[in-house]
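So the first sequence is numbered by the working numbering: it starts at 3 and just counts up by one.
Built from N, CA and C at the ideal position, the CB exists for glycine as well.
Notes for the one structure printed next.
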Amino acid sequence: MEIRTRFAPSPTGYLHIGGARTALFNYLFARQHKGKFILRIEDTDMARSTEESTQAILDGMQWLGLNWDEGPYYQSKRFELYKEHAYKFLEMGKAYKCYCTPEELEQRREEAIKQGKPPKYDGRCRNKKDEPGKPFAIRFKVPHGTTLVKDIIKGNVAFENDEIEDLIILRSDKTPTYNLCVVVDDATMEITHVIRGDDHLNNTPKQILMYEAFCYSVPVFAHLPMILGSDKTRLSKRHGATSVMAYKEMGYLPHALVNYLARLGWSHGDQEIFTMEDLIEKFSLENVGKSSGVFNPEKLLWLNQHYLKEGKIEELALLLIPFLEAKGYNAPADKRLPNIVKGLQERAKTLVEMADSAEFYFKEDIVYEENAAKKFLTPDMAALLDILIDRLHTLPAFTHEAIEAVFNDITNEKTIKLGKIAQPVRVALTGRTVSPGIFEVIETLGKETTIARLKKASAHCLLTH
RNA sequence: GGUCCCAUCGUCUAGAGGCCUAGGACGGAGCCCUCUCAAGGCUCAGACACGGGUUCGAAUCCCGUUGGGACCGCCA
């Protein structure tokens, strides 16, 4: 039998971290079993669903590389199907019309809570006669007994049906509710494995009861533990960025996020670094933990740094361009880009950071950091810089090796340490005390720019002190 | 309040009754390397929530306590 999984977000906001992990696990499971991964948009709440949200979710998934095989299906386009199912239940005597108004129900709920009783619907309309002309909602008749949820992650969980109220499946305006829609969709879309957050565990017995009432086969369930914020409450905006696309903007690599999310709640021995192929091969629901996990931005940052460090220069260059362009630099036309990336890739934790560090390559006039200039561009350095200018000027081949040789000559002649001259040169060329190796900076910057900046620095040495 | 879920370093986790003096990773501290910053290498600190059982033997199985979380809508 073909394995079919689905991701079913409701379009009431962007794709968030938790949703992305759910989508990822569904994706990995389907791919591993050569099955299908289906995307379904649960937009039955017309008031809260927006097209922008739908697009944001699609964008997020595409960025992460979670490509779906079918869909997106929209529940809003399947209302007739749900309605049919609800009325079929009515005919079968497995549901009934409820004439209570939302106001009455709300009032009774408040009273029950005040008296410390469970706010459960009392089933008063179960045996009522039809009242033609009066508006009604349709409620599913929950039978007596026990319902067992067999969950791959949580194990067997038993629920007493008497604890479950007769839930509304069709509102009085004839729109369907969530629990009916999921069951009808998962059944008709032939979903074999329902992998979702464990906030749905309590809904599962209701759904199983409906599958059984329809004589549909019940899928396998796997309820993923929640992702929490640093204070161990459910992850939310308070905990910082929770939108997947926010990480794109902050200069994260999609695979870093995928790798991080995969390891949050799932493990494969001591392995930390996984390619997508690795994940597809090694993922298993059996190795998903039961307990909720705290989202740790530091570890994600480490992974991002790791993939930046290991990444192919050409690919990183392409990814870096938008960040450079955002700063107003015409990066695509710049032939130095590969060298720039090469020098920066193991020094940056994000693409944003990389673009920041790359600024001195693009700026016409670099500005010295105040403390850096004060410390390194001192009067006694002017002569040394002049010697360097002279020697670089006459250098036939402007290569890393040749440049290094020039520096070696000077430090030998003057019996000084390399640091003595390297730091002032660094400040002269970049304005900062931190940069890639000084020889590669000089090589990448080129003879003309290097000498111009050194001259300016030499003058600065004498000027300000 | 009711129902359900969960519990190993600060965090993510390994652990399937003896391989555990509890392993790895992030983060932290330190040392080495070094033209700066990174990267890299090495070292250190750091956990089985608590209490009872079961067993020759428990992080691992059972019960309870405590603590955390989720759900209880004509939301999804």
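Among the candidates the options, whose CA atom is the shortest distance from the CA of residue i?
i, options, result
"residue 45", "418, 179, 190, 425", "179"
"residue 359", "5, 439, 122", "439"
"residue 372", "284, 32, 143, 462", "462"
"residue 221", "188, 201, 200, 250", "188"
"residue 163", "322, 455, 204, 131", "204"
"residue 148", "154, 159, 424, 343", "159"
"residue 387", "133, 378, 460", "460"
"residue 59", "223, 294, 245", "245"
"residue 349", "118, 235, 289, 313", "313"
"residue 157", "276, 136, 258, 288", "288"
How big is the Cα-Cα spacing for residue i and residue j?
i, j, result
"residue 428", "residue 334", "26 angstroms"
"residue 426", "residue 391", "13 angstroms"
"residue 489", "residue 256", "Residue 489 is absent from the structure shown; the chain starts at 3 and stops at 467."
"residue 331", "residue 14", "36 angstroms"
"residue 193", "residue 341", "49 angstroms"
"residue 351", "residue 248", "16 angstroms"
"residue 412", "residue 230", "57 angstroms"
"residue 209", "residue 190", "14 angstroms"
"residue 102", "residue 161", "27 angstroms"
"residue 206", "residue 328", "47 angstroms"
"residue 291", "residue 184", "25 angstroms"
"residue 176", "residue 309", "51 angstroms"
"residue 237", "residue 53", "24 angstroms"
"residue 2", "residue 111", "Missing from the structure shown is residue 2; the chain here goes from 3 to 467 and no further."
"residue 448", "residue 262", "39 angstroms"
"residue 455", "residue 422", "18 angstroms"
"residue 186", "residue 202", "16 angstroms"
"residue 10", "residue 198", "9 angstroms"
"residue 451", "residue 20", "48 angstroms"
"residue 280", "residue 23", "16 angstroms"
"residue 78", "residue 299", "36 angstroms"
"residue 382", "residue 239", "54 angstroms"
"residue 115", "residue 258", "46 angstroms"
Taking Cβ to Cβ, would you say residue i is nearer than 8 angstroms to residue j?
i, j, result
"residue 26", "residue 260", "yes"
"residue 88", "residue 171", "yes"
"residue 96", "residue 140", "no"
"residue 225", "residue 153", "yes"
"residue 62", "residue 16", "yes"
"residue 363", "residue 338", "yes"
"residue 181", "residue 254", "no"
"residue 168", "residue 138", "no"
"residue 301", "residue 347", "no"
If residue i and residue j are in contact, beta carbons under 8 angstroms, what's the gap, nearest whole angstrom?
i, j, result
"residue 445", "residue 401", "6 angstroms"
"residue 144", "residue 211", "6 angstroms"
"residue 374", "residue 464", "Not really, about 17 angstroms apart at Cβ, beyond 8 angstroms."
"residue 252", "residue 243", "7 angstroms"
"residue 56", "residue 28", "Between residue 28 and residue 56 the Cβ distance is about 18 angstroms, and since that is not below 8 angstroms, they are no contact."
"residue 397", "residue 408", "7 angstroms"
Touching or not, the stretch 31-49 and the stretch 266-273, by the rule of three or more beta carbon pairs under 8 angstroms? Per the Cβ contact rule, the stretch 31-49 is not in contact with the stretch 266-273 (fewer than 3 Cβ pairs under 8 angstroms).
Any contact between the stretch 106-126 and the stretch 82-97? By contact I mean 3 or more CB pairs, one from each, below 8 angstroms. no
Counting pairs of Cβ atoms below 8 angstroms between the stretch 354-369 and the stretch 312-328, do you hit three or more? Because the criterion of three Cβ pairs below 8 angstroms is met, the stretch 354-369 and the stretch 312-328 touch.
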